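Quick notes on the structure that follows.
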Amino acid sequence: MTYLVPQHPLQLVELGAERFSRCFNCGNCTAICPITKEKASYPRKLIRYSLLGMEDKILSSTDPWLCYYCGECSDQCPRDANPGSFMMSLRRYLTTKYDWTGFSKLMYYSKKAEVIAIIVVAAIVGSIIYLLHGPIVETRVELETFAPYLTTEIGALTVLFVLAGILLSNLYRMYRFVMRDENGNRIRVPLGFMIRDFIRIVPLHFLTQIKIKECKDRQKNWINHLIIFYGYAASFILFVPLLKFTQTNDPFLFVNPLSILGIFSTIALLYGASIAIYGRVKKTQPMWKDSHSTDWMFLILLLLTTITGILTGIFRTFGFPLPTYIMYSLHLMIAAPFLILEVPFAKWSHLAYRPFALYFESLKERYLASKR
Amino acid sequence: MSEELRIGVYVCHCGTNIAGVVNVKDVVEYAKTLPNVVVAKEYVFMCSAPGQQIIKEDIKNFKLNRVVVAACSPSLHEPTFRTATAEGGLNPYLFEMANIREHCSWVHPDEKEVATTKAKLLVKMAVAKASLLEPLSEIKFKVNNTALIIGGGVSGLAAARDLAARGIKTYLIDRSPTLGGRAARLGKLTYTEMKGIDVFKGLIRDVAGNRLIDVYTNTELVSVDGSVGNFKVKLVKNPRYVDAKCNLCGECAKVCPVEVPDEFEFGMSKRKAIYLPFKDAYPRIYVIDMKSCTRCLECVKVCPVGAINLNEKPSELTINVGGIIVAAGYDPYEPKTGEYGYKLSNKVITLFQLERLLDSEGPTKGELIVNGVKPKNIVFVMCVGSLSTTPDAYPYCSRMCCSSTIKNALVLREKYPDTNIYIAYKDVRTYGRGDEQLYMKAGENFVRFAKFKDAPKINIDQKGNLSVTLFEETLQEEITIPTDLVVLVVGMTPPRDIDKVRTTIKIGCGPEGFLREAHLKLRPVETATDGVYLAGAVTGPKNIIESIASGSAAASRTLALLSKEEVAVEPLIAVVNEDICSGCAICVAMCPYGAISLKIIDKNIRVAKVDSALCKGCGTCAAACPSGAMQQYGFKDAQIKAQVIAAMGEV
Ligand SMILES: Cc1cc2nc3c(=O)[nH]c(=O)nc-3n(C[C@H](O)[C@H](O)[C@H](O)COP(=O)(O)OP(=O)(O)OC[C@H]3O[C@@H](n4cnc5c(N)ncnc54)[C@H](O)[C@@H]3O)c2cc1C
Ligand code: SF4
Ligand code: SF4
Ligand code: SF4
Ligand code: SF4
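First to last, the sequence lines map onto chains A and B. Start counting the first sequence at 1; every next residue gets the next number (the numbering used here). Start counting the second sequence at 373; every next residue gets the next number (the numbering used here).
Printed below as a string of structure tokens:
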């Protein structure tokens, strides 16, 4: 028996599901959804859970992460309840619930808080640069002197570990929420299976995001998604672990493989971010129709990080010392809040939640099979 | 008998209904052998136009003067064949019918031979009786063109308005002290911005002060005599204890020391023993509720116009009317104590109580305050008393409650946007105009719907907190909704004591007790009793639109009757042979309709006299009469005897 929480669905409205209370339980959305499974019954069932206030059912469900917002359901809904946007809002909702720091909630429920947080992080990074930067050589570009390697790398690695730490702990919370049977009791699966399934599922889906292709006509989306993902991953690797080789005084050399990778990754990011921004402005796809402020912030910061990175490269290549230092400082001031806030606490966290949802789902299946 | 008897016999196949069992040919051949039968024929459907044509032509061709049809029940087609007989040029009462379907083929489907023999006997009996039939003519009465309407709800008011508009003198009675019925107590209605009271005011404008409409409140039916066109109705007018001099100053209520629950507000506020039922009540006169009055006489002392008379007695009055409309409406289903927690907590209320709470003229001036606080979570439980939800519930759908619930949910959401509203439903049947849009709007406004099949349980814990548990059908899971208020959506039931009215007027009812139409589809506002019509929710759940429409429809059917100069009734009534009547008056005592009196024809000789307007042809007197003086047309002793003798003989 579930004790209802009448307030629960009102949160989803704030997270973008304005019309789902119109649902009258016809089930068309579930019937048309290309990825809902035989036994699962989303979006319908999740809508009913939410509408009635069955919060625990939502928290223990992995289904929202399986949906890629193709929007078929919204097109078919006879009551115009927009189930697709509801599924989207559930992902936002779950992101705020998995996160224990409260930042996620802050970012999702208050635009003001989000902007303030970004400005604060940028200001902190700015002051650190102001206090710790090396000598400013004005005669030629001496980036290595301006930003001593060790200091920058320590900063970059700190960001990396904080980020990974938060994401991992949130994933653990997700595990705790999800691994429950229909009566809310915790379930466990033998370690062997846990390892085997992890190897089988997580890397594959993390690296290929192949599930998107199950949605109708989503080939192009899938490619786009991969471009942004790999552009991002490459830049991340280049400018965090490999910082020693990328934060140099040298102009870009087109023969240097790292430079070439750098150029490709920035082009990929520029392209991906522009497509997404264009799509969200023009609302060309269902999933781009309900943009939340965090979506915009993510894309804007991504674009700014990329542009300031490119400009730094250009100034350096053409030998303008002061503009290079300033642009690089700006670059760091934008990249840091982007990485620290948007990635673990907002939209970008789905990179981790989606493959892990598949993984936990499979563990649950195993448990249920053993019960049978 | 002066003229030679020439009888025609017609045996119907009724498709295979009769012919599938009875050997029709045999019966026809047999009929030809019966005395005075000059022609006997068979046909597949005698009631069809060609079938009737056979009778009409044979009357001319064979110079028939009696017609016998062996077919179905007379209650079905006797009128058809009487008409055919008349159209053939004979008196329609020279026709006799033998029932060889209901009384023969249908009850003996497996005994074909026996059935054929029985059919022959039935034809033989009919022929024997036909030989003794005599021509009769219908009895005509002048129609009294006034009408009585029982019940002053919206349907009764609409009927009164329409009848008066056509110049018909109308008596409108209601047993309660005011007109208006249930609708007057409803708040904002569905589809319109009007409130229930506005509908009432709209109707009362044409009724109040109308010189053609006599309104009697506190008045009930005692008896009804007579028949279509000429009813003699006895009414009892219970005392109001306040007369028309009342100027509504209200001084009396101020001094009255007795306070009792106000029924207009469903007991949620108090009124005095002397009171005005509600602000716009009609008639606009205070009334004393004698059950709670202590006769302290305080009111009498203060009334500035001397309108109060505590010694008023019930008075009987008799009126004569041509037609009667029953518009007695419905009562809301009253849950038993404990049913859905009703009366166990004052946070469990009915939809009617909620309507009153949300009415700006209600006990809380339109604020939803229960137990002194404003509820945050509200659960409506629909189908209470309807759709067989509980063992005590009626099987039908009350039709109006879904829309009304959704309407109230929306009113609440608009007025208190932070309330969480759940509607526990069995089915959503928003059939009325605009109601489906309301349902849609409820969805948009975050009214949550939870579907149940078995009645939800209302839990009340020690602290008095409420919750509602139900098995949610769309999720197949049990859920419990914490709540501050439970609203029981009660359906409509037949009005209390409707059986008294029904048996007094002698009309039928359905299994649930609502009054029965003569024909659900063809005659929806008429009853099986000529001259009696039905309007509004007394025939089953209806909304206001339908109630008013049926009030108008009943008025129109009544008008069709009352606009006639005279009505004709079948002449199959009792008749006295004054020569042998001993004047014993046994029949006078026996007649259930009071149709017989004694008249003095010569000094000491008194004989029975039948009032043909009152006699219903039941035959009681003829059976009771010790001297055989009382006979009944169409069923005279000689005619019956001939049938009995025919039945006793061989085929
Ligand atoms: C919860 C609920 C909400 C509703 N909301 C709406 C709505 O929003 N919109 C809508 O269109 N409809 C609504 N309705 C329906 C509406 O109440 C009825 O359609 C309407 O009241 C029927 O009118 P009536 O004249 O047939 O009967 P009633 O209003 O019941 O009037 C019958 C009258 O007859 C009198 N009477 C009864 N018996 C006797 C007797 N033996 N002798 C003399 N007088 C007698 C009674 O005192 C009463 O005055 C609602 C019904 C319910 C149950
Ligand atoms: S299609 Fe629309 S109305 Fe039907 S179940 Fe899905 S969301 Fe609800
Ligand atoms: S958006 Fe697509 S994938 Fe997601 S629930 Fe709707 S139909 Fe299914
Ligand atoms: S109208 Fe609705 S609440 Fe009323 S009985 Fe019918 S289904 Fe039940
Ligand atoms: S048949 Fe006789 S008893 Fe019957 S109603 Fe007529 S007069 Fe009265």
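Just so it is clear, CB atoms sit at the ideal spot from N, CA and C, and this is done for glycine as well. All of these numbers come straight from a predicted model, not from anything done at the bench.
Between residue i and the rest of its own chain, which residues show a CB-CB distance below 7 Å, the 5 nearest in sequence each way excluded?
i	result
residue 145 (chain A)	134, 135, 137
residue 991 (chain B)	1004, 1007
residue 8 (chain A)	50, 53, 55
residue 359 (chain A)	197, 198, 201, 202
residue 373 (chain B)	Because residue 373 (chain B) carries a pLDDT of 48, less than 50, the predicted location of this residue cannot be relied on, and no value is offered for it.
residue 1002 (chain B)	946, 948, 959, 980, 993, 994
residue 374 (chain A)	In the structure displayed, chain A extends from 1 to 372; residue 374 (chain A) sits before or after that span and is not available.
residue 265 (chain A)	231, 234, 235, 238
For residue i and residue j, I'd like the C-alpha separation in whole angstroms.
i	j	result
residue 339 (chain A)	residue 842 (chain B)	47 Å
residue 14 (chain A)	residue 84 (chain A)	15 Å
residue 328 (chain A)	residue 786 (chain B)	55 Å
residue 132 (chain A)	residue 302 (chain A)	25 Å
residue 526 (chain B)	residue 430 (chain B)	55 Å
residue 823 (chain B)	residue 798 (chain B)	6 Å
residue 579 (chain B)	residue 533 (chain B)	6 Å
residue 996 (chain B)	residue 460 (chain B)	38 Å
residue 206 (chain A)	residue 805 (chain B)	54 Å
residue 407 (chain B)	residue 427 (chain B)	19 Å
residue 76 (chain A)	residue 32 (chain A)	8 Å
residue 361 (chain A)	residue 62 (chain A)	7 Å
residue 709 (chain B)	residue 796 (chain B)	20 Å
Spatial neighbours of residue i within its chain, please: CB distance less than 6 Å, with the 5 preceding and 5 following residues excluded, ordered by chain position.
i	result
residue 457 (chain B)	439, 464, 467
residue 36 (chain A)	30, 42
residue 96 (chain A)	104, 105, 108
residue 330 (chain A)	308
residue 370 (chain A)	none
Quick one: residues in its chain with C-beta nearer than 8 Å to the C-beta of residue i, no 5 flanking neighbours on either side, listed in chain order?
i	result
residue 539 (chain B)	584
residue 209 (chain A)	222, 225, 226, 229, 354
residue 274 (chain A)	303
Does any heavy atom of ligand 2 sit closer than 7 Å to the C-beta of residue i?
i	result
residue 19 (chain A)	no
residue 27 (chain A)	yes
residue 820 (chain B)	no
residue 519 (chain B)	no
residue 375 (chain A)	There is no way to answer for residue 375 (chain A), as the model of chain A reaches only from 1 to 372.
residue 78 (chain A)	yes
residue 660 (chain B)	no
residue 628 (chain B)	no
Per DSSP, residue i is paired with what?
i	result
residue 881 (chain B)	B:887
residue 633 (chain B)	B:642
residue 149 (chain A)	In DSSP, residue 149 (chain A) forms no bridge with anything.
residue 592 (chain B)	B:608
residue 1004 (chain B)	B:946
residue 928 (chain B)	Answer is none; residue 928 (chain B) lacks a bridge partner.
residue 1014 (chain B)	BP columns for residue 1014 (chain B) are empty, so no partner.
residue 597 (chain B)	B:604
residue 895 (chain B)	B:891
Indicate, with yes or no, if ligand 1 has a heavy atom lying under 7 Å from the CB of residue i.
i	result
residue 554 (chain B)	yes
residue 976 (chain B)	no
residue 858 (chain B)	no
residue 640 (chain B)	no
residue 200 (chain A)	no
Is any non-hydrogen atom of ligand 4 found closer than 7 Å to the C-beta of residue i, if you look at the structure I gave you?
i	result
residue 484 (chain B)	no
residue 432 (chain B)	no
residue 723 (chain B)	no
Any heavy atom of ligand 7 closer than 7 Å to the CB of residue i?
i	result
residue 565 (chain B)	Ligand 7 is not part of the structure shown, which contains ligand 1, ligand 2, ligand 3, ligand 4 and ligand 5 as its ligands.
- May I have a chain-ordered list of the beta strand (DSSP E) segments no shorter than 3 residues that lie completely inside the stretch 673-752 of chain B? 687-693, 695-698, 720-722
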